[in-house]
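Numbering of the sequence shown is given in UniProt numbering, commencing with residue 1 and proceeding in unit increments.
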Amino acid sequence: MSQYFPGSSNFTIEGGTFNTVTYRYQSAKASAIGGFERLQEHVAHGAFHDSGERFDPPKCHHNTRVAIIKRIMAWINGLNQDTREALVMWLYGAAGAGKSAIAQTIAEILDGQHFVLASFFFWRNDPQRGTAKLLVTTLAYQLAVKLPPVFREQLCQAFENDPLITTRSLEAQFKALVREPLLELLHSGFSTNNHIVIIIDGLDECDDPKVQARIVDLSFSLLDSRDLPLKILIASRTEINISSSFDRKPFYTLARIALDNDYQSAEDIRHFLADKFNEIKADHPLRSYIPIGWPTSDTLDTLVRKSSGQFIYASTVV
Numbered sequence: 001m002s003q004y005f006p007g008s009s010n011f012t013i014e015g016g017t018f019n020t021v022t023y024r025y026q027s028a029k030a031s032a033i034g035g036f037e038r039l040q041e042h043v044a045h046g047a048f049h050d051s052g053e054r055f056d057p058p059k060c061h062h063n064t065r066v067a068i069i070k071r072i073m074a075w076i077n078g079l080n081q082d083t084r085e086a087l088v089m090w091l092y093g094a095a096g097a098g099k100s101a102i103a104q105t106i107a108e109i110l111d112g113q114h115f116v117l118a119s120f121f122f123w124r125n126d127p128q129r130g131t132a133k134l135l136v137t138t139l140a141y142q143l144a145v146k147l148p149p150v151f152r153e154q155l156c157q158a159f160e161n162d163p164l165i166t167t168r169s170l171e172a173q174f175k176a177l178v179r180e181p182l183l184e185l186l187h188s189g190f191s192t193n194n195h196i197v198i199i200i201d202g203l204d205e206c207d208d209p210k211v212q213a214r215i216v217d218l219s220f221s222l223l224d225s226r227d228l229p230l231k232i233l234i235a236s237r238t239e240i241n242i243s244s245s246f247d248r249k250p251f252y253t254l255a256r257i258a259l260d261n262d263y264q265s266a267e268d269i270r271h272f273l274a275d276k277f278n279e280i281k282a283d284h285p286l287r288s289y290i291p292i293g294w295p296t297s298d299t300l301d302t303l304v305r306k307s308s309g310q311f312i313y314a315s316t317v318v
């Protein structure tokens, strides 16, 4: 009772009714920090293109895959009339064809040119990268640290509105953590000469085939209204569920690149092998025993033929 009558003593009150009213105050800044901290708890750090967990990631050897890289960059910059309307690009090929190396190289080019970039490199052997559970939050985090504060504020507000947003469907997460913050950013007056780019590599390594197809569908639905300065590059094998999902999309909304002989993969592999053999002849401890003219042109021809357009074979050889 003393809290109601401080300093008083030796008195009695009968039949009284007492109400206590308290106020809880939380600053907007503290709320925002809390939301961003909650976001960080749901990020797959190893999925970034520049993650320390992906030390020395695969990337294109110098002067290889030039035509493919040029075509992808032309699509991103809107320089190719044939793909200007497409907001999603699918880079596909067999295992070992070099999809991840190309995706990594594109990411590094965009980063070097100061594009706003978010990436997720799937890998089935990593519990965080082998599933889509952290896909949206990981992409949202990367956008939040690169875009103006309005995006982060809207992102944090999403956590305030729904503290369990990370348990919702991929569709709900994309809407609350990517689409709506981007729209709010645009409404604040933000503009950019370059598209924001999302790179999703190794989609076929996601553990659930149904989710793989959903991610393809979500990529298109995110951009369906064409009101976001956003493009999405997806790299994967041609698994049936993924290819079927892409095949259902209107042709003008999608750009495709198949990693086949149309892009001179044999010549790129020959160039790669020649450079690597030259490194061996220059640096190997037993280089003095290497015969002049090694390897022969016939040996290179054989290795190129056996690689069947797959860089993984050539990189394993050397």
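Every residue, glycine too, gets a C-beta built ideally from N, C-alpha and C.
Model, not experiment: these values are computed from the prediction.
Sequence-distant Cβ neighbours of K306 in its own chain, meaning closer than 8 Å and more than five residues away, are Y313. Taking 8 Å as the cut-off, the Cβ atoms of T131 and L177 do not count as close.
Non-local C-beta neighbours of P163 in its own chain, meaning closer than 8 Å and more than five positions away in sequence, comprise R38, ordered along the chain. The beta-bridge partner set that DSSP reports for A255 consists of M89.
Looking at the backbone, the Cα of I200 and that of A282 are separated by about 38 Å.
Bridge pairing for S236: Y92 [DSSP].
Spanning the alpha carbons of D126 and V43 requires a straight line of approximately 13 Å.
Taking C-beta separations shorter than 6 Å and ignoring five residues to either side along the sequence, the partners of V304 in its chain run A266, I269 and R270, following chain order. In the three-state scheme derived from DSSP, where H, G and I count as helix and E and B as strand, K70 is classed as helix. Residue nearest to E171 within the set T192, L218 and I102 is L218 (criterion: CA-CA distance). Annotation for H284: I290 place their beta carbon closer than 8 Å to its own, counting only its chain and skipping 5 residues before and after. With respect to the C-alpha of K276, the residue from P295, L155, L223 and G112 having the closest C-alpha is P295. Q128 and G46 have their C-alpha atoms spaced approximately 8 Å apart. A107 sits away from H195, with the two beta carbons spaced by 8 Å or more.
In the three-state reduction of the DSSP assignment, I196 falls in the strand class, which pools E and B.
Across the set R237, L79 and I76, the C-alpha of R237 shows the shortest separation from the C-alpha of L203. Spatial neighbours of S245 in its own chain (CB-CB distance under 7 Å, excluding positions within 5 residues in sequence) are listed in chain order as A213, V216 and D217.
When the beta-carbon positions are compared, W90 and I234 come within less than 8 Å of each other. As DSSP reads the structure, D201 sits in a beta bridge with F121 and A235.
Our two residues, A101 and F55, have alpha carbons roughly 13 Å apart in a direct line. In the DSSP assignment, L182 forms no beta bridge with any residue. DSSP places L228 in the coil class of the three-state scheme, outside both helix and strand.
Proximity to T316 across E180, G52 and P58 peaks at P58, based on C-alpha coordinates.
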